[in-house]
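Enquirer:
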Amino acid sequence: MLKVFFRYAIISFTGIVLNGNALAQQDPQFSLYMLNMLYYNPAYAGIPGTTNFTAIHRSQWLGYTSTFDGAGAPNTQVISMNTPLSKLNSGVGLHIVNDNLGVINNLEGQASVAYHLAFKKSILSIGVRGGFYSQTMDFDKYRYIDPGDPLLDHGQESQMRPDLAAGLFFRAEKYYAGFSTNHIIQSEFDFGDDSLRNALESHMYLTGGYSYDLNYDIVLKPSFMVKTDLNTFSFELSLLATIRDRLWGGISYRQSDSMVGVIGYSFMRDDSFKVGYGFDYVINAQEAKQPTSHEFLLSYTLPVLGSAEHKIIRTPRFRH
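To convert, take the position in the sequence shown, counting from 1, and add 7; that gives the numbering used here.
Rendered as structure tokens:
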């Protein structure tokens, strides 16, 4: 059953890759996607087996200003929480995303729930999520062709719509694979005028990764993500290396867009606090944007109850 599902998913996405064009993403993109999996797939809820909090800030095309009115570059923030419900063989997750695109600002709040099916040393997770998607439009920032048009609006207007996503996630000891789709109900924002109608297009994500022990200290972790709206597509390929579970870094390639460098470090005795940084350098169409983007990550994992080491009580009589 599992082999049939993943074989079908891979064949479907391969057809899209061979026949599609580069995808103009409606959703925000993250260079540290492999550390932000809950955002892409609700079935990831509870998969790590620990309670984790993550915050990411992304500054796209840093330094970009338009030649007309000085509008700034896009920037995105996401905050998420992920925790297992072991007694229920499930997990839950929450995330909030703020995506600032100049004239339009998108804000979403989503709750994910997943059920885990165990197969020997692997897990198949089935997840759904629901929440709200809010869009705010600042009409004062528009560049009107006809400023005297009586249909023009002024100031800001916000609308909120429901949102829904679903996914599957399979994790084994050394590898993982996931498939998900978002904006299933394709909510529309009209702002009182059919000419400004804007629908949330469904996007599909196929992700996968592998963990290879190069030696006792170094672990290599290749991963990929394919994104599509069934009309166009985009993919990312990454290779990270972790040294002694502390220092990690690597490179990524985003199709028809940029090269990415990633570095991070895990602090505290149990490596529970992580700091990460991603640097994008645009290699395609530099004339339309600034060449660099920057991404920062903070992540903290709560200690597992009952897993703490026994405290050592030393007896002075036998110490030398």
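In this text, a Cβ means the ideal position worked out from N, Cα and C, and glycines have one as well.
Cutting at 8 Å between CB atoms, please list the residues of its own chain near Gly256, excluding the five before and the five after it.
Expert: Indexing the sequence shown from 1 puts residue 256 at position 249. Closer than 8 Å at Cβ, skipping near neighbours: Leu247, Ala248, Gly268, Val269, Ile270 and Gly271.
Enquirer: Compare the beta carbon distance of His64 and Asn82 with 9 Å and say whether it is the shorter of the two.
Expert: By one-based count along the sequence shown, residue 64 stands at place 57. By one-based count along the sequence shown, residue 82 stands at place 75. Result yes, Cβ atoms of His64 and Asn82 sit closer than 9 Å.
Enquirer: Let me check one thing: in DSSP terms, what residues is Ala173 bridge-paired to?
Expert: Residue mapping note: residue 173 aligns to position 166 of the sequence shown, counting from 1. Partner(s): Val135 and Thr188.
Enquirer: In or out: Ile177 buried (at least 16 other Cβ within 10 Å) or exposed?
Expert: Against the sequence shown, residue 177 aligns to sequence position 170. A quick correction: the sequence has Phe, not Ile, at residue 177. By the neighbour-count rule (16 or more Cβ atoms within 10 Å), Phe177 is buried.
Enquirer: Given a cut-off of 9 Å, decide if Phe37 and Tyr46 are closer than it, judged by their beta-carbon atoms.
Expert: On the sequence shown, residue 46 is found 39 positions in, with the first residue counted as 1. On the sequence shown, residue 37 is found 30 positions in, with the first residue counted as 1. Against a cut-off of 9 Å, the Cβ pair of Phe37 and Tyr46 comes out as a contact.
Enquirer: Is Leu42 helix, strand or coil by DSSP?
Expert: Here residue 42 refers to the residue found at position 35 when the sequence shown is read from its first residue. It is helical.
Enquirer: Using 10 angstroms around the beta-carbon of Asn238, count the other beta-carbons present and answer buried if the total reaches 16, otherwise exposed.
Expert: For the purposes of this step, residue 238 is taken as residue 231 along the sequence shown, with counting starting at 1. Its Cβ having fewer than 16 others within 10 Å, Asn238 is exposed.
Enquirer: Give me the DSSP bridge partner(s) of Phe146.
Expert: By 1-based counting over the sequence shown, the position of residue 146 is 139. None, per the DSSP bridge assignment.
Enquirer: Quick one: what does DSSP say Leu221 is sitting in, helix, strand or coil?
Expert: Locating residue 221 in the sequence shown gives position 214, where the first residue counts as 1. Three-state DSSP puts Leu221 in coil, outside helix and strand.
Enquirer: Where does Ala52 fall in DSSP's three states?
Expert: If you number the sequence shown from 1, residue 52 lands on position 45. Three-state result, Ala52: coil.
Enquirer: Have a look at Tyr307 and Gly137 and give me their C-alpha separation to the nearest angstrom.
Expert: Taking the sequence shown and counting its residues from 1, the one referred to as residue 307 is at position 300. Taking the sequence shown and counting its residues from 1, the one referred to as residue 137 is at position 130. Their Cα atoms are separated by approximately 25 Å.
Enquirer: Between the segment 48-56 and the segment 280-293, do at least 3 Cβ pairs fall closer than 8 Å?
Expert: Counting Cβ pairs under 8 Å, fewer than three are found: no touch.
Enquirer: For Asp34, is the classification buried or exposed, using 16 other Cβ atoms within 10 angstroms of its Cβ as the cut-off for buried?
Expert: The residue given as residue 34 occupies position 27 in the sequence shown. Label assigned to Asp34: buried.
Enquirer: Starting from Leu101, trace the beta strand (DSSP E) both ways and give me its first and last residue.
Expert: Within the sequence shown, the letter at position 94 stands for residue 101. Ser97 to Asn107 is the extent of the beta strand (DSSP E) around Leu101.
Enquirer: Is Tyr122 closer than 9 Å to Leu207 when the C-beta atoms are compared?
Expert: By one-based count along the sequence shown, residue 207 stands at place 200. By one-based count along the sequence shown, residue 122 stands at place 115. For Leu207 and Tyr122, no; Cβs fall outside 9 Å.
Enquirer: Would Val104 and Gln84 qualify as a contact pair, given that the criterion is a beta-carbon distance under 9 Å?
Expert: In the sequence shown, residue 104 corresponds to position 97, counting from 1. In the sequence shown, residue 84 corresponds to position 77, counting from 1. Yes, the Cβ-Cβ distance between Val104 and Gln84 is below 9 Å.
Enquirer: Roughly how many angstroms separate the alpha carbons of Tyr183 and Leu108, rounded to a whole number?
Expert: The residue you call residue 183 lines up with position 176 of the sequence shown. The residue you call residue 108 lines up with position 101 of the sequence shown. If you take the alpha carbons of Tyr183 and Leu108, they lie about 33 Å apart.
Enquirer: When the distance is taken between beta carbons, is Ser87 closer than 9 Å to His301?
Expert: Within the sequence shown, numbered from 1, the residue matching residue 301 stands at position 294. Within the sequence shown, numbered from 1, the residue matching residue 87 stands at position 80. Their beta carbons are not under 9 Å apart, which means His301 does not touch Ser87 by this criterion.
Enquirer: Using three-state DSSP, classify Asn28 as helix, strand or coil.
Expert: Counting from one through the sequence shown, the residue named residue 28 turns up at place 21. With a pLDDT of 40 at Asn28, under the threshold of 50, the predicted position of this residue should be treated as unreliable, though the coordinate-derived value follows. Three-state result, Asn28: coil.
Enquirer: Indicate the three-state DSSP secondary structure (helix, strand or coil) for Ser209 in the structure shown.
Expert: Mapped onto the sequence shown, residue 209 falls at position 202. Ser209 falls in the coil class under three-state DSSP.
Enquirer: Return the chain-ordered ranges of every beta strand (DSSP E) run that is complete within the segment 256-301 and spans a minimum of 3 residues.
Expert: Taking only runs of at least 3 residues, the beta strand (DSSP E) segments lying wholly in the segment 256-301 are 265-274 and 280-289.
Enquirer: Within the continuous beta strand (DSSP E) that includes Leu246, where are the two ends?
Expert: Taking the sequence shown and counting its residues from 1, one reaches residue 246 at position 239. Per DSSP, Leu246 belongs to the beta strand (DSSP E) from Phe240 to Ile250.
Enquirer: Please name the residue or residues paired with Lys234 in a DSSP beta bridge.
Expert: Here residue 234 refers to the residue found at position 227 when the sequence shown is read from its first residue. BP columns for Lys234 point to Tyr212 and Ser241.
Enquirer: Comparing C-alpha positions only, which one of Lys127, Phe196, Pro310 and Val282 sits nearest to Leu254?
Expert: To locate residue 254, count along the sequence shown from 1; it is residue 247. The residue with the shortest Cα to Cα distance from Leu254 is Val282.
Enquirer: Using the rule of at least 16 other Cβ atoms within 10 Å of the residue's Cβ for burial, across every protein chain shown, is Leu309 buried or exposed?
Expert: What you label residue 309 is simply residue 302 of the sequence shown in a count that begins at 1. Its Cβ having fewer than 16 others within 10 Å, Leu309 is exposed.
Enquirer: Quick one: what's Val120 bridged to in DSSP?
Expert: Position 113 of the sequence shown, counted from the first residue, corresponds to residue 120. Val99 and Val135, per the DSSP bridge assignment.
Enquirer: Whose C-alpha, out of Lys181, Ser209, Ser241 and Asn113, is nearest the C-alpha of Gln163?
Expert: For the purposes of this step, residue 163 is taken as residue 156 along the sequence shown, with counting starting at 1. Selected option, being the one with the closest Cα: Asn113.
Enquirer: Could you tell me whether the Cβ atoms of Thr214 and Phe186 are closer together than 9 Å?
Expert: As a first step, residue 214 is located in the sequence shown; it is residue number 207 there, counting from the start. As a first step, residue 186 is located in the sequence shown; it is residue number 179 there, counting from the start. In contact: Thr214 and Phe186 (Cβ atoms closer than 9 Å).
Enquirer: Suppose the cutoff is 7 Å on Cβ atoms and the five residues either side in sequence are ignored; what does the same chain contact list for Ser265 look like?
Expert: Along the sequence shown, one-based indexing puts residue 265 at 258. Result list for Ser265: Asp287, Tyr288, Val289 and Ile290, in chain order.
Enquirer: Does the Cβ of Gln117 have 16 or more other Cβ atoms within 10 Å, making it buried, or fewer, making it exposed?
Expert: Here the question's residue 117 lines up with position 110 in the sequence shown. Under this definition Gln117 is a buried residue.
Enquirer: Taking C-beta to C-beta, are Asn43 and Leu304 nearer than 9 Å?
Expert: Taking the sequence shown and counting its residues from 1, the one referred to as residue 43 is at position 36. Taking the sequence shown and counting its residues from 1, the one referred to as residue 304 is at position 297. The answer is yes: Cβ separation under 9 Å.
Enquirer: I'd like the span of the beta strand (DSSP E) that includes His64, first residue to last.
Expert: Sequence index remark: in the sequence shown, residue 64 carries index 57 (1-based). Asn59 to Ser66 is the extent of the beta strand (DSSP E) around His64.
Enquirer: Does the beta-carbon distance from Ser209 to Phe231 come in below 9 Å?
Expert: Taking the first residue of the sequence shown as position 1, residue 209 is located at position 202. Taking the first residue of the sequence shown as position 1, residue 231 is located at position 224. Contact: no.
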